[in-house]
Amino acid sequence: MTDMETLDEVASRVRACTDCPLSRGRTNAVPGEGPADSAIMFIGEGPGYQEDRQGRPFVGPAGKFLEELLKSIGYSREEVYIANMVKCRPANNRDPLPSEIEACSKYLDRQIELIRPKLVVTLGRFSMSKFLPGESISRVHGKPRNVNGLTIFPIMHPAAALHRQENRKTIEDDFNAIPALLKQPAPEPIVELTETPKPEQLSMF
Ligand code: URA
Ligand code: SF4
């Protein structure tokens, strides 16, 4: 087994992973995709039907809408990194279980460490909860937060906004704030998302 030193190695590990029951229902695992030096990282919930068929994130209707939103701020999907909380599709698009999210978090955490994005845009409540546990998406969407040295920008899930006019307006407005957020100074290099900093990693005062 490789050590996840690169995004390709993370993807190889994901494709071979049997660490939670979602492995049994997948056609293809969906590790995530995009440039290793991407300034923005989007984190969705988990693969849907199309994603499972193709092994790629956000290639169904929600993905089409995400591409439109990206275009409206001058980006293409090839320029951003797109990942999910769980890398294998939950049957019938049910919500991922806490145990499945926990089993899968090592992959997403490593992707974040390797990419070190200037901005992490969480799509929907599951990825928001990773960084802002106990918050509600309706309360915090559109407000950037610094969490462990990462700038987190929670927004609604594009699938939830697709067919509802009032949600569409909300997600479009939130998206429009992204370019300005990217102009802000880069956060400090991150230590470990999941562990307490070791003494030598803490600052001197
Ligand atoms: N919804 C998600 O949360 N992720 C995908 O990859 C596709 C749809
Ligand atoms: Fe492994 Fe994540 Fe797939 Fe579960 S969802 S089998 S932890 S890659």
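Position one of the sequence shown corresponds to residue 1 (the working numbering), numbered consecutively onward. Heads up, the beta-carbon is just placed ideally off N, CA and C, and yes, glycines get one too. Quick caveat, the model's predicted, so the values are computed rather than measured.
Asked: Is the distance from the Cβ of His141 to the Cβ of Pro154 below 8 angstroms?; Found: yes
Asked: Mapping the DSSP letters down to three states, classify Arg53 as helix, strand or coil.; Found: helix
Asked: When burial is assigned at 16 or more other CB atoms within 10 Å of the CB, is Thr18 buried or exposed?; Found: exposed
Asked: Going by the C-beta, is Glu33 closer than 7 angstroms to any heavy atom of the ligand SF4?; Found: no
Asked: So, are the CB atoms of Ile115 and Ala36 less than 8 angstroms apart?; Found: yes
Asked: Taking Asn176 as part of the alpha helix (DSSP H), name the residues at either end of that continuous run.; Found: 165-176
Asked: Return the first residue and the last residue of the beta strand (DSSP E) that Val121 is part of.; Found: 119-123
Asked: Extract the residue ranges of the beta strand (DSSP E) inside the segment 10-92, only unbroken runs of 3 or more that lie entirely within it.; Found: 40-44, 81-84
Asked: To the nearest whole angstrom, what separates the beta carbons of Leu214 and Ala83, a pair I think is in contact under 8 angstroms?; Found: Lying outside 1 to 205, the shown extent of the chain, residue 214 is not represented and no answer is given.
Asked: Helix, strand or coil: how does DSSP classify Leu97 here?; Found: coil
Asked: Can you round the beta-carbon distance between Pro209 and Val86 to whole angstroms, since I take them to be within the 8 angstroms contact cut?; Found: Because the chain is modelled from 1 through 205, residue 209 falls outside the range shown and cannot be assessed.
Asked: Closer than 7 angstroms to a non-hydrogen atom of the ligand SF4 - does that hold for the CB of Ala161?; Found: no
Asked: Hey, which residues come within less than 5 angstroms of the ligand SF4, measuring from Cβ to any heavy atom, in chain order?; Found: Val14, Cys17, Asp19, Cys20, Leu22, Ser23, Val86, Lys87, Cys88, Ala103, Cys104
Asked: What span of residues does the beta strand (DSSP E) with Pro158 cover, start to end?; Found: Unbroken run through Pro158 is the alpha helix (DSSP H), 158-161; no beta strand (DSSP E).
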